Amino acid sequence: MNAVTTIEKTSANTDFFDRPYLLSIAGKLVDAEHSFDVINPATGKVLAQAPDASEEQLHEAIESAKTAFIGWSALGYEERQGYLERYADALQENRNDLVRLLTLEQGKPLETMAAPEVDQAIAYVRQIAKRRLPVEIVEDNDTHLVELHHVPLGVVGGITPWNFPVLLALWKVAPALITGNTFVLKPTEFTPLTALRFGEIAQEVLPAGVLSVVSGDKGLGPVLTGHPDIAKISFTGSTETGKHVIRAAADTVKRVTLELGGNDAAIVLPDAEYETIIPKLFWGAFGHQGQWCVGIKRLYVPRSIHEDFVEKFVAYARTVKVGNGLDPEVGVGPVQNRMQFEKLKGFLDDIKANGQNIVLGGEIDEDQSGYFFPITVVNDPSEDSKIVREEQFGPILPILVYDDVDDAVRRANDSIYGLGGSVWGRDTEAAVQVANRLEAGMVWVNEIHTQSVDIPFGGVKQSGLGTEQGDEGRKLFTNPKTVLIHK
Ligand code: NAD
C-alpha cells in the first residue's frame, strides 16, 4: 500500500503522514487485500490509499465488538470515563496532525474550519465521558419499587458522511461508548483517512474490539446495516441513503438514528440590523464550502431591505478568498469531491437555463485541477426552482424576497426537509415567535450553529429520525429496562 509522501509534515515526533492507513479490527491494525484512492480536493490528485476492507473483515470487526461488549458493558461509568478521557488525551497529542490531515482530505480551511472541528470533537469526547444516565425511580410506594434502567444496546454501527469526518463520527462513538456499547465505524469512502487515524489511536488506549474502524466502498454500508449482530445503526448522510438504512434495519428490528439532509431557511425580519449580521449569515451559508447539513440553504429577506441587503451581502462575499484550505488567507476551500462538484454544476446549469439572476460567481474555471467552486449568489429565484426546492450542499445561495412574515414562514416550511433554521431580528421576542412556527429540529434566534454535548441535535420530516447529543440523544444508545420490585 502506498503512503503519503508529498505533503509537508507537521509533527516532529511521529510518522503520522508516512505510515500506511490501516483498518482497526479487534484491537489490531490490519491491511486489506485491496485499496482505493483518496483524493485531495484542492489538487484533484491522489493523497493516499485507504484499505478497502472485505466483507469478511467487517464481519470480524463486528464479531470482536460483540465479544468486547461483554466486558465493556460490565464496567461502570467511572471506568469507561477513564478510558474515554485517556482517548481524548491521545487524540489531543495528535491534534495538529489530525487537523492538517482533515484539510488535506476534506478541503476545509485549516485554521478556521479544520482546527475547530478537531478541537470540538476532542472536547466532546472529554465532556461526554462525564455524562451519566442514572437509574430513575418511577414509583416507590408501600408495595412497589419501580426502576427504569438505561441499558446499553450491544454493538452499534456508525456510518458517516464526508463533510465533518472527525466531528460527526466522534459524536456517535463517544456517547455510544460511555453508555456501555461497543462500536464499528464505517467512514465515508471520500474522507476515510482521519477516521482511520483516530481508530488507530483508539487501539492504544481502549480494550480490543471496543472501537473498530473499517473503511471500504459504499457496498460495506449495507453489510453493516443488514448484520444481525448490529443492534443499532447511527447514520449521518443523505435522505436517500437514510431510506435504504431504515429498510435494511427492518429485518432485525435494529434501532436507527438518522441525521439526514436539510434545506434550512434563514428568515431576516424587517427590524433586523442586517448590516451587522451579514457576516454571520454569510458564514452560516458558505462556511465549510456550504457543505453542512444545517447550513443556510435559503435566505429570506423582506422587500423593504432587499436591494441594499443583497448589495452588502455580495460586497462582503467578495472579500472572501476561495482556494486551497492550507492557505491561511482562504475562507472557502474546494468542494469535497468530484461527484458533488458535478452536482453543483447541475444546479448552476439549471439556474442559467431558467434565466435566474446570478449576482455573484457562477463561472467555473474548467482548467483548474482542484474542485474549486465560486461563491455564487442567486437573487430572488422562483420558489419552485431547483436551487430553492433541493438541497444544494455547496457554495450557491438563493436570496429570496418576501412581503409579509407569514408568507416567509409558509415558504420556509414548504419543504420535505425539517433539519434546522434561523430567525434574525432586533425584537428577540418577536423573532422567537417566528422561530416557534418553523418546522425544524433546531432553530437558532440571532445566532447560528451553536452546539454542545447537552443540546439535542436532530431533524424532523425527511431530515431525520431520532436525536444526537443531550440526554435525549444518549438515551437512544440504550434500551429502557423497567425493573419492578415487590416490597
Ligand atoms: P451519503 O448518503 O451519500 O453517504 C453517507 C454514508 O452512507 C457514506 O459513508 C456512504 O458510504 C454510506 N452509504 C452509501 N450507501 C449506503 C447504503 N445503501 N447503506 C448504508 N450506507 C450507505 O451522504 P454524503 O454525500 O456522504 O453526505 C451528504 C449528505 O449528508 C447531505 O445530504 C447532508 O445534508 C447530510 N448530512 C446530514 C447531517 C445531519 O446531521 N443531519 C450532517 C452531515 C451531513
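For what it's worth, this note's numbering labels the leading residue of the sequence shown as 11, then goes sequentially.
C-beta atoms are modelled at their ideal positions from N, C-alpha and C, and glycine is treated no differently.
Because the structure is a prediction, the values reported are computed rather than measured.
Proximity of residue i and residue j at Cβ, strictly below 8 Å
{"i": "Thr-267", "j": "Leu-475", "result": "yes"}
{"i": "Tyr-310", "j": "Tyr-412", "result": "yes"}
{"i": "Asn-273", "j": "Glu-401", "result": "yes"}
{"i": "Ala-125", "j": "Val-176", "result": "no"}
{"i": "Leu-178", "j": "Val-135", "result": "no"}
{"i": "Val-320", "j": "Ile-385", "result": "no"}
{"i": "Cys-303", "j": "Glu-352", "result": "no"}
{"i": "Phe-292", "j": "Phe-245", "result": "no"}
{"i": "Lys-307", "j": "Phe-357", "result": "no"}
{"i": "Thr-170", "j": "Leu-111", "result": "no"}
{"i": "Leu-221", "j": "Val-183", "result": "yes"}
{"i": "Leu-114", "j": "Leu-57", "result": "yes"}
{"i": "Leu-410", "j": "Val-398", "result": "yes"}
{"i": "Ala-276", "j": "Gly-431", "result": "yes"}
{"i": "Val-517", "j": "Gln-213", "result": "Here the chain comprises residues numbered 11 to 497, so residue 517 is not present and cannot be evaluated."}
{"i": "Val-419", "j": "Val-455", "result": "no"}
{"i": "Lys-76", "j": "Asp-239", "result": "yes"}
Beta-carbon proximity list for residue i, same chain, < 8 Å, skipping 5 on both sides
{"i": "Leu-163", "result": "Asn-191, Ala-241, Lys-242, Arg-265, Phe-487, Thr-488, Asn-489"}
{"i": "Leu-143", "result": "His-160, Thr-189, Asp-481, Arg-484, Lys-485, Thr-488"}
{"i": "Asn-367", "result": "Val-388, Asn-389, Asp-390, Pro-391"}
{"i": "Val-330", "result": "Phe-292, Phe-296, Gly-341, Val-342, Ile-385"}
{"i": "Val-156", "result": "Ile-147, Val-148, Glu-149, Asp-150, Thr-492, Val-493, Leu-494, Ile-495"}
{"i": "Lys-362", "result": "Ile-368, Gly-372"}
{"i": "Pro-232", "result": "His-254, Ala-258"}
{"i": "Arg-328", "result": "Leu-370"}
Cβ neighbours of residue i in the same chain (closer than 6 Å, five flanking residues each side left out)
{"i": "Thr-15", "result": "With a pLDDT of only 33 at Thr-15, under the threshold of 50, the placement of this residue in the model should not be trusted; the figure read from the coordinates follows. Nothing listed; no residue qualifies."}
{"i": "Phe-26", "result": "Asp-107"}
{"i": "Ile-288", "result": "Lys-322, Phe-323, Tyr-326"}
{"i": "Tyr-93", "result": "Leu-216"}
{"i": "Tyr-87", "result": "Arg-142"}
Own chain partners of residue i with C-beta closer than 7 Å, once the 5 adjacent residues on each side are dropped
{"i": "Ala-218", "result": "Ala-36, Gly-37, Ser-74, Ala-78"}
{"i": "Ala-63", "result": "Leu-33, Ala-42, Val-224, Ser-225, Gly-226, Leu-230"}
{"i": "Glu-285", "result": "Lys-322"}
{"i": "Val-128", "result": "Arg-105, Leu-108, Val-109, Leu-112, Val-176"}
{"i": "Asp-281", "result": "Gly-435, Arg-436, Asp-437"}
{"i": "Ile-465", "result": "Gln-479, Gly-480"}
{"i": "Ala-22", "result": "Note that Ala-22 scores 46 on pLDDT, short of 50, meaning its location in the model is unreliable; the coordinates nonetheless yield the value given after this. No residues qualify anywhere along the chain."}
{"i": "Lys-290", "result": "Ile-458"}
{"i": "Gly-81", "result": "Pro-217"}
Anticipated Cβ contact below 8 Å, residue i with residue j, distance rounded
{"i": "Arg-90", "j": "Leu-187", "result": "6 Å"}
{"i": "Glu-387", "j": "Gly-365", "result": "Note that residue 387 corresponds to Val in the displayed sequence, not to Glu. Between Gly-365 and Val-387 the Cβ distance is about 16 Å, and since that is not below 8 Å, they are no contact."}
{"i": "Glu-449", "j": "Asn-423", "result": "5 Å"}
{"i": "Gly-300", "j": "Gly-167", "result": "At roughly 29 Å, the Cβ-Cβ gap does not stay under 8 Å, so Gly-300 and Gly-167 are not in contact."}
{"i": "Gly-236", "j": "Ala-258", "result": "5 Å"}
{"i": "Gln-59", "j": "Gln-346", "result": "Wrong, their Cβ atoms sit about 18 Å apart, outside the cutoff."}
{"i": "His-459", "j": "His-154", "result": "Actually they do not touch by this definition, with Cβ atoms about 46 Å apart."}
{"i": "Gly-271", "j": "Tyr-427", "result": "6 Å"}
{"i": "His-298", "j": "Asn-173", "result": "6 Å"}
{"i": "Val-165", "j": "Ile-72", "result": "6 Å"}
{"i": "Tyr-31", "j": "Leu-158", "result": "With 8 Å as the limit, Tyr-31 and Leu-158 do not qualify as a contact, their Cβ atoms being about 43 Å apart."}
Minimum Cβ-Cβ distance from residue i to chain D less than 8 Å
{"i": "Asp-414", "result": "Of the protein chains in this structure there is only one, and it is not chain D."}
Ligand 2 heavy atom lying under 7 Å from the CB of residue i
{"i": "Glu-103", "result": "Looking for ligand 2 in the displayed structure turns up nothing; the ligands present are ligand 1."}
Decide if the segment 323-341 is in contact with the segment 430-441; the criterion is three or more beta carbon pairs, one per stretch, under 8 Å apart.
no
Taking 8 Å as the threshold, find out whether the segment 60-73 comes into contact with the segment 95-104 through three or more Cβ pairs.
no
Are the segment 241-259 and the segment 462-478 touching, with three or more C-beta to C-beta distances below 8 Å?
yes
Check whether the segment 189-208 and the segment 44-58 are in contact - that is, three or more C-beta pairs closer than 8 Å.
yes
Contact between the segment 52-61 and the segment 373-380 is defined here as three or more beta-carbon pairs at a separation below 8 Å; is this criterion met?
yes
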